[in-house]
Amino acid sequence: MHKLKRKKAKGKADWRSRARQRRHARILKKIRGTEERPRLVVRRTLRHIEAQLVDDDRGVCITGISTRAEAVQSKLGDDDRRKSTQSKLAGQLMAERAKERGIDRVVFDRGGYRYHGRVQAFAEGAREGGLKI
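Structure (structure tokens):
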């Protein structure tokens, strides 16, 4: 497992980022993705959300999606471009991509983020799309 280097926090944003990385490392000790039930990893940026299905046994990414993807942007109307709406739609599209590959059950890895807001919207969208989390 990758250990974080000890360094002084330069500000509140750096402290929060390092705390999230520590939480994610703790989560990764407890969960593992397999071929039958891969790990659904979520990564959040200031503007977008990205997700991947990962098979930890083989160490490969099965599929992924981002709110930057044309598939997500084309399905959004001009009226509603909220990040939570984009995240929910990305979750639904991730469920479709997983089902195309014969996957219906996943292990949800929230990446150290709180289960709130965009992360929660993504998970709910994936559930609505038919994934069992």
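Using my numbering, read the sequence shown as starting at 152 and increasing by one per residue. All residues carry an ideal CB built from backbone N, CA and C; glycine is no exception.
If you measure between the beta carbons of residue i and residue j, is that distance less than 8 angstroms?
{"i": "residue 208", "j": "residue 186", "result": "yes"}
{"i": "residue 243", "j": "residue 280", "result": "yes"}
{"i": "residue 253", "j": "residue 192", "result": "no"}
{"i": "residue 260", "j": "residue 283", "result": "no"}
{"i": "residue 238", "j": "residue 178", "result": "no"}
{"i": "residue 245", "j": "residue 202", "result": "yes"}
Would you tell me roughly how many angstroms separate the C-alpha atoms of residue i and residue j, rounded to the nearest one?
{"i": "residue 258", "j": "residue 222", "result": "24 angstroms"}
{"i": "residue 196", "j": "residue 213", "result": "21 angstroms"}
{"i": "residue 234", "j": "residue 269", "result": "7 angstroms"}
{"i": "residue 272", "j": "residue 205", "result": "20 angstroms"}
{"i": "residue 180", "j": "residue 173", "result": "11 angstroms"}
{"i": "residue 141", "j": "residue 277", "result": "Since the first residue shown for the chain is 152 and the last is 284, residue 141 is missing from the structure and cannot be characterised."}
{"i": "residue 241", "j": "residue 217", "result": "7 angstroms"}
{"i": "residue 220", "j": "residue 189", "result": "22 angstroms"}
{"i": "residue 230", "j": "residue 169", "result": "36 angstroms"}
{"i": "residue 232", "j": "residue 171", "result": "27 angstroms"}
{"i": "residue 183", "j": "residue 267", "result": "22 angstroms"}
Following the continuous alpha helix (DSSP H) through residue i, name the residue where it begins and the one where it ends.
{"i": "residue 277", "result": "269-279"}
{"i": "residue 173", "result": "163-181"}
{"i": "residue 215", "result": "Residue 215 -> not in any alpha helix (DSSP H); beta strand (DSSP E) instead, spanning 211-217."}
{"i": "residue 223", "result": "221-226"}
{"i": "residue 289", "result": "The structure shown does not extend to residue 289, since the chain spans only 152 to 284, so no value can be given for it."}
{"i": "residue 242", "result": "234-251"}
In terms of residues, what are the limits of the beta strand (DSSP E) holding residue i?
{"i": "residue 201", "result": "200-206"}
{"i": "residue 191", "result": "190-195"}
{"i": "residue 258", "result": "258-260"}
Closer than 8 angstroms, CB to CB, is residue i near chain B or not?
{"i": "residue 280", "result": "In summary, chain B is missing from the structure at hand, where a single protein chain is found."}
Could you tell me whether any non-hydrogen atom of the ligand ADP is closer than 7 angstroms to the CB of residue i?
{"i": "residue 189", "result": "Among the ligands in the structure shown, none appear at all, so the ligand ADP cannot be discussed."}
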